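Student:
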Amino acid sequence: MKKFTKLTSAVVPLNIENIDTDQIIPARFLKATTREGFGENLFRDWRYNGDNTPKPEFVMNNPTYSGQILVAGKNFGCGSSREHAAWAIQDAGFDAVISSFFADIFKGNALNNGLLPIQVSDAFLAQIFKAVDNNPKSALEVDLEKQTVTIVETGAQESFEINPYKKSCLINGYDDIDFILNQKQLIEEFEQAR
Amino acid sequence: MSKTLVEKIWDAHVVKSEEGFPDILYIDTHLIHEVTSPQAFDGLRKRGLPVFRPKQTVATADHNVPTLNQLLPIKEELSRYQVDMLTKNCAEFGIELYGLGHPFQGIVHVIGPELGITLPGKTMVCGDSHTSTHGAFGAIAFGIGTSQVEQVFATQCLLQSKPKTMKIEVNGELGKGVGAKDIILYIIAKISAAGGTGYFIEYAGSAIESLSMEARMTICNMSIEMGARGGLIAPDQTTFDYIKGREFAPAGEEWDKALAYWKTLYSDADAKFDSVLTFNAADIAPMITYGTNPGMGMGIQEHIPATTAQPETEKVSYKKALDYMGFDDDSSLIGKPVDYVFIGSCTNSRIEDLREVASFVKDKRKADNVTVWIVPGSKQVEQQAKNEGLDKIFEAAGFQLREPGCSACLGMNEDKIPAGKYCVSTSNRNFEGRQGQNARTLLASPLTAAAAAVTGKITDVREMLEKVEG
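So the sequences go chain by chain: A and B.
The first sequence begins at 1 in the numbering used here and counts up by one.
The second sequence begins at 195 in the numbering used here and counts up by one.
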């Protein structure tokens, strides 16, 4: 799994609430049987017209905005369990997603792929959007070790929560399967004791 | 110590619990389908691992299958490849597959219960968020991502933090024309599409206890639409009667042993929930959604809430949703013409749903402006409908009875609603583009969907029921 420690980057702001996984990656693009290539269809129907021409008003088609951090409104990733949503975001070049609330399954999927979901307060999220409004190149600094996110320009900082186990997975680049495989004997004992 | 039902089942499945780590939770049954499994099988190959407990895994093809001419080769190349890949993977890893053409094939959350695979007290997972459906039997059942599918393949376990618990009580009697779908749409409208996030929900109360298993499945199915990982209902005589005699249900001595255990599966009287909500069944009207998340629902006679009444931070998203739907603030949906009616999905495609629709449309005909698709949840539901002559009723009404699959619920196959068209759908999600690019979905019960099919517009089904009786 991809490691994550520190990241300083400008952001792509998407100030919409309840962005569901069907917007992130519509079902018609779930036919692939590998994990790669979903990035080109990320936010497909917001990003492109029916004839595949880009919609200029969508933030990802605006060259003013770029970066490895996606910032979105609350309840990001609600809906389906499709891990393709996390794969698509990562494949499009993002390493972290910031929102004031994440849907459970999306959050787990992101963590299992080394894509860091950062939950901040509503007030701090509003500060980030404001900073980007004032200066589209405004950068954020994410420090996983310290569990902080900082608006570089203003110095405003907030800390975020992450399960200590998942944190060490991200920092070291190992995944749940590596962890559970080491417990196989316990699992077999559990089965026999039932 | 007193425990909630969730805690009882959870604790019975913990292989290891250690401070600072998620629990290692043993999974009894793993259901898989063609869309979220191929990358997990690939992962096993890369690690050189077998499926640890293949006999505890059951596969079917449902998400990406055609609902017409299922016995012919799938026309679309990518879809055919994906379904073929499931067949190959199941053969290679020794997993039982109920694929196209098999009498047990169907939507994964319909076949589990009807085959007696879904049982009280089990832990069950599937790479699909509507796995919460199986909670209707008093099981811990939840949706997982593909990395977790791989985890369960490799170890029959998942690393999971114990969820918080919420009790939702619905008491009293439901009004005429109001059913399980209305109950759950009402609850979601009350607590929002994120109101259950982080929780496992136990549904209780006299209105829930009086429901059939099919109706309980409809309720638990949509737990995820308020963000809850799962929802469950304590098993009772209704549950036991439903299970007894099913294909893979325990029998003989095994049955007696299982039943004795199942009867211990309830929340203790003084068990503590992290949150408790109570609703009155009599307050619930037939529900319909007007927006682009399942929390945007209202009683069918109500008016769409005004954008100005929304919290400041939500106004933009709210307006965007109404614009997408082509609806105005403060407007009523009654009388609004519809183009499609879809009766199907893991929420409402069981035999009871089809019977309810058939009994309503008998001797009626669909309106000319509406296309009506009925997609049964499984081959067994389809066969049962035919045995009961429901197919003839649907045919006479101009409803098209198709073959089993997820179909227009997610529009992954060719069953798509065209851009700009309105579809009254018994499915579970009204997200933008869910049923097809720019399609507009209004979620409702099978009865409300059937009423729209007959009148060609949004209709309060209670008025039609009164006419029949009057």
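Note that beta-carbon positions come from the ideal geometry of N, C-alpha and C, so glycine has one too.
All figures in this text were calculated on a predicted structure; none of them were measured in a lab.
From the beta carbon of residue 623 of chain B, is the nearest beta carbon of chain A less than 8 Å away?
Tutor: yes
Student: Going by beta-carbon coordinates alone, are residue 151 of chain A and residue 131 of chain A separated by less than 8 Å?
Tutor: yes
Student: Might you give, ordered along the chain, the residues of its own chain that have their beta carbon closer than 6 Å to the beta carbon of residue 664 of chain B, omitting 5 neighbours on each side?
Tutor: Summary for residue 664 of chain B: the model assigns pLDDT 46, below 50, so the residue's position carries little reliability, and this model does not support an answer.
Student: To the nearest angstrom, report how far apart residue 120 of chain A and residue 162 of chain A are at their CA atoms.
Tutor: Taking the straight line joining both Cα atoms gives about 11 Å.
Student: Please go through the same chain and pick out, in chain order, the residues whose beta-carbon is closer than 8 Å to the beta-carbon of residue 620 of chain B, but skip the five residues on each side of it.
Tutor: 375, 536, 537, 538, 539, 541, 542, 543, 547, 637, 638, 639, 640 and 643
Student: With 8 Å as the limit, tell me which residues of the segment 171-186 of chain A have their beta carbon closer than that to any beta carbon of chain B; keep them in chain order.
Tutor: So the list reads 175, 176, 177, 179, 180, 181, 183, 184 and 186, given in the order they occur along the chain.
Student: So which residues on chain B does residue 35 of chain A lean against when the C-beta distance must stay under 7 Å?
Tutor: 233
Student: Which residues in chain A have a C-beta closer than 7 Å to the C-beta of residue 351 of chain B? List them in chain order.
Tutor: 180 and 187
Student: Could you list the residues in the segment 74-106 of chain A with a C-beta less than 7 Å from some C-beta on chain B, going in chain order?
Tutor: Cβ proximity to chain B below 7 Å picks out 75, 78, 79, 80, 81, 82, 83, 101, 103, 104 and 105 from the segment 74-106 of chain A.
Student: Please classify residue 28 of chain A: does DSSP put it in a helix, a strand, or coil?
Tutor: helix
Student: Hey, out of B:634, B:391 and B:411, whose CA is closest to residue 679 of chain B's CA?
Tutor: This structure gives no information on residue 679 of chain B, because the portion of chain B shown stretches from 195 to 664.
Student: Taking the C-alpha atoms as reference points, what is the distance between residue 264 of chain B and residue 597 of chain B?
Tutor: 7 Å
Student: Is any heavy atom of the ligand GDP found at a distance shorter than 7 Å from the C-beta of residue 144 of chain A?
Tutor: Judged by which ligands are present, the structure shown has none, so any question about the ligand GDP falls away.
Student: Under 8 Å, Cβ to Cβ, is there at least one residue of chain E near residue 54 of chain A?
Tutor: The structure shown has no chain E; the protein chains it does contain are A and B.
Student: To the nearest angstrom, report how far apart residue 169 of chain A and residue 176 of chain A are at their CA atoms.
Tutor: 8 Å
Student: Can you name, in chain order, every residue of its own chain whose Cβ lies under 7 Å from the Cβ of residue 250 of chain B, other than the five neighbours on each side?
Tutor: 222, 223, 224 and 350
Student: Residue 340 of chain B: which of A:182, A:167, A:27 and A:35 sits nearest, CA to CA?
Tutor: A:35
Student: Quick one: list the residues of chain B neighbouring residue 31 of chain A, beta-carbon separation under 7 Å, in chain order.
Tutor: Within chain B, the residues placing a beta-carbon under 7 Å from that of residue 31 of chain A are 258, 272, 273 and 276, ordered along the chain.
Student: Just the chain B side, please: which residues come within less than 7 Å of residue 17 of chain A by C-beta, in chain order?
Tutor: 508 and 511
Student: Which bits of chain A does residue 388 of chain B rub up against, with CB to CB less than 7 Å?
Tutor: What residue 388 of chain B touches in chain A, judged by beta-carbon distance under 7 Å, is 75, 78 and 101, going in chain order.
Student: Listed in chain order, which residues of the segment 208-235 of chain B have Cβ atoms closer than 8 Å to some Cβ of chain A?
Tutor: Residues 209, 210, 214, 215, 216, 218, 220, 229, 230, 232 and 233.
Student: Below 8 Å, how does it come out for the segment 276-285 of chain B and the segment 252-266 of chain B: are there three or more Cβ pairs, yes or no?
Tutor: A contact between stretches requires three or more CB pairs, one per stretch, nearer than 8 Å, and the segment 276-285 of chain B meets this requirement with the segment 252-266 of chain B.
Student: Less than 8 Å between CB atoms is the rule here; does residue 664 of chain B satisfy it with respect to chain A?
Tutor: Its pLDDT being 46, under 50, residue 664 of chain B is placed unreliably in this model, and the value from its coordinates should be taken loosely. Output row for residue 664 of chain B: interface = no.
Student: May I ask you to list, following chain order, the residues of the segment 317-341 of chain B that have a beta carbon less than 7 Å from some beta carbon of chain A?
Tutor: 321, 322, 323, 337, 338, 339, 340 and 341
Student: Quick one: is residue 410 of chain B buried, meaning 16 or more other Cβ sit within 10 Å of its Cβ, or exposed?
Tutor: buried
Student: So for residue 217 of chain B, helix, strand or coil by DSSP?
Tutor: strand
Student: For chain A, check one thing: does any of its Cβ atoms lie closer than 8 Å to the Cβ of residue 344 of chain B?
Tutor: yes
Student: Examine the Cβ distances between the segment 326-338 of chain B and the segment 369-386 of chain B and report whether three or more of them are shorter than 8 Å.
Tutor: no
Student: Mind checking which residues open and close the alpha helix (DSSP H) that includes residue 365 of chain B?
Tutor: First-last for residue 365 of chain B: 358-365, but that is the beta strand (DSSP E), not the alpha helix (DSSP H).
Student: What does residue 47 of chain A touch in chain B if you count any residue whose Cβ is under 9 Å from its own?
Tutor: Those within 9 Å of residue 47 of chain A in chain B number zero; the least Cβ separation is about 12 Å.
Student: Here's a check: name, in chain order, each residue in its chain whose Cβ is nearer than 7 Å to the Cβ of residue 100 of chain A, leaving out the five neighbours to either side.
Tutor: Contacts found: 74, 119, 120, 121, 122 and 125.
Student: For a contact defined as C-beta to C-beta under 7 Å, what are the partners of residue 165 of chain A on chain B?
Tutor: 214, 215 and 216
Student: What residues in the segment 289-311 of chain B have a beta carbon less than 7 Å from any beta carbon of chain A?
Tutor: none
Student: List the residues that DSSP assigns as beta-bridge partners of residue 472 of chain B.
Tutor: DSSP lists B:363 as partners of residue 472 of chain B.
Student: The beta strand (DSSP E) with residue 481 of chain B in it runs from where to where?
Tutor: Residue 481 of chain B -> beta strand (DSSP E) spans 481-483.
Student: Measure the Cβ-Cβ separation of residue 368 of chain B and residue 206 of chain B and say whether it is below 8 Å.
Tutor: Cβ distance not < 8 Å, so residue 368 of chain B and residue 206 of chain B don't count as in contact.
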